[in-house]
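**Student:** Count along the sequence shown from 1, add 1, and you get the number used in the numbering used here.
Got a structure for you, questions after.
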Amino acid sequence: MKKVEFITLEKYGDKVVRTIDKKYILLSYYLIDRKSMDFLQETIGELESIRKEEKTFEEIYTFNTVDISWSAGEFECDKDTAYFISNHPDKEPSFDIPLQELIDILKEWEAFLSN
């Protein structure tokens, strides 16, 4: 099931993420936080290292969490699962997805931003 879609705003030409299901709003915030190609490529590499068990989340991320947007939530993962943990569950629900699925979405985002 598709969770987000990537669109270009006609009026301004900005590339943005639109959430298809409101359950995944934290995912769209997480992606928008990674609009810089360097940061995006670094993130993909780090997550692939975790998935391949070359490093742990704690070894890569010193504070053991990654903030999403302006304190909307936090991101954590292990070798199998990406966890999106909401600071405001009434507005933005927490959820988890397979880590490989997140890596694939990040690669799609990277390809979209490159065009």
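Note that beta-carbon positions come from the ideal geometry of N, C-alpha and C, so glycine has one too.
For residue 37, count neighbouring C-beta atoms within 10 Å of its own C-beta (all shown protein chains included) and say buried if the count is 16 or more, exposed if not.
**Tutor:** The residue is exposed, with fewer than 16 neighbouring Cβ atoms inside 10 Å.
**Student:** Hey, quick one: how far does the beta strand (DSSP E) through residue 87 stretch, first residue to last?
**Tutor:** 82–87 is the extent of the beta strand (DSSP E) around residue 87.
**Student:** With residue 16 as the anchor, note down where its beta strand (DSSP E) starts and where it stops.
**Tutor:** Run containing residue 16: 16–20, per the beta strand (DSSP E) assignment.
**Student:** Would you grab the beta carbon distance between residue 17 and residue 26 for me? Rounded to a whole angstrom, and I think it's under 8 angstroms.
**Tutor:** Actually they do not touch by this definition, with Cβ atoms about 13 angstroms apart.
**Student:** Residue 89 to residue 82, Cα distance in whole Å?
**Tutor:** Roughly 21 angstroms between the two C-alpha positions.
**Student:** Look up residue 102 in the DSSP assignment and say whether it is helix, strand or coil.
**Tutor:** The answer is helix: DSSP assigns residue 102 an H, G or I state.
**Student:** Quick one: what's residue 63 bridged to in DSSP?
**Tutor:** Residue 63 is not bridged to any residue.
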